[in-house]
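In my numbering, the protein residues as written are 114 to 358. Ideal Cβ placement from N, Cα and C applies to all residues, glycine included.
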């Protein structure tokens, strides 16, 4: 593991090995209960179904509210909302085994994609595209560029998807997040929120080749790569052998 990666990324890639928890934390199931629609999040006082039904498309709530993100995307790290519990290992296995919980996780992800001006085109491959009317890709993307707290949110979202067995969705978002303004977040955090070593290295190589001008990574190539992974279980290595024309 690269030692120059941020500390939180190193902890994530290690599976949070050696993370200490208090007895109260290990007995709590706040994240599981919230995602089973039994517990209201704090400080908003809403059930998960209420957030997913009422907040999609409400960009002011999603932009200026800061307490909800730890509830919608729990990870084994503490955040700024002290009313939210970090994800416990016993919750992780229970959430992954609950089909309704997993459907809600994907709905939360699609809600945030919409907030960033994107849409999930394929849950199976992770294919992401730009929002279509009445959504607005350009205005939402500009908001992302000038609201850097969203960079931390995206890191949390990607880590959560990986934790919950939806890591195949992570690579799909990278193709749309390429502006120089967010390059540092891409290179140090987002491209490393993947525990599959081969996929993480493949993405790093593609980014490096595109940046150096050795590769032109088109939308069609992106779609083909994700479909190829669906069929074979891994990214095609021949993409890395192509030269920019």
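Residue i to residue j, Cα distance in whole Å?
i, j, result
"residue 319", "residue 129", "27 Å"
"residue 273", "residue 131", "19 Å"
"residue 187", "residue 217", "13 Å"
"residue 234", "residue 242", "6 Å"
"residue 55", "residue 167", "Since the first and last residues shown for the chain are 114 and 358, residue 55 lies out of range."
"residue 345", "residue 195", "43 Å"
"residue 152", "residue 210", "19 Å"
"residue 353", "residue 276", "28 Å"
"residue 221", "residue 165", "6 Å"
"residue 114", "residue 200", "In this prediction, residue 114 scores a pLDDT of 49, lower than 50, which makes its location untrustworthy; the coordinate-derived value is nonetheless stated afterwards. Straight-line Cα distance between these residues: approximately 23 Å."
"residue 281", "residue 269", "15 Å"
"residue 246", "residue 163", "24 Å"
"residue 159", "residue 169", "14 Å"
"residue 140", "residue 133", "13 Å"
"residue 333", "residue 249", "22 Å"
Determine the burial state of residue i: buried for a count of at least 16 other Cβ atoms within 10 Å of its Cβ, exposed for fewer.
i, result
"residue 260", "exposed"
"residue 206", "exposed"
"residue 239", "buried"
"residue 161", "buried"
"residue 351", "exposed"
"residue 226", "buried"
"residue 212", "exposed"
Measure the Cβ-Cβ separation of residue i and residue j and say whether it is below 8 Å.
i, j, result
"residue 228", "residue 175", "yes"
"residue 303", "residue 348", "no"
"residue 144", "residue 198", "yes"
"residue 253", "residue 230", "yes"
"residue 181", "residue 157", "yes"
"residue 237", "residue 219", "no"
"residue 271", "residue 256", "no"
"residue 193", "residue 179", "yes"
"residue 121", "residue 190", "yes"
"residue 324", "residue 118", "no"
Please list, in chain order, all residues of the same chain as residue i whose beta carbon is under 7 Å from its beta carbon, the five residues on each side excluded.
i, result
"residue 317", "304"
"residue 214", "148, 149, 208"
"residue 184", "147, 154, 197"
"residue 355", "328"
"residue 312", "284, 348"
"residue 294", "258"
"residue 343", "237, 238"
Suppose the cutoff is 6 Å on Cβ atoms and the five residues either side in sequence are ignored; what does the same chain contact list for residue i look like?
i, result
"residue 223", "233"
Sorted by chain position, which residues of the same chain lie with C-beta nearer than 8 Å to residue i's C-beta, five sequence neighbours on each side aside?
i, result
"residue 142", "201, 203, 204, 207"
Meets three-Cβ-pair contact criterion under 8 Å: the segment 333-349 and the segment 294-307: no
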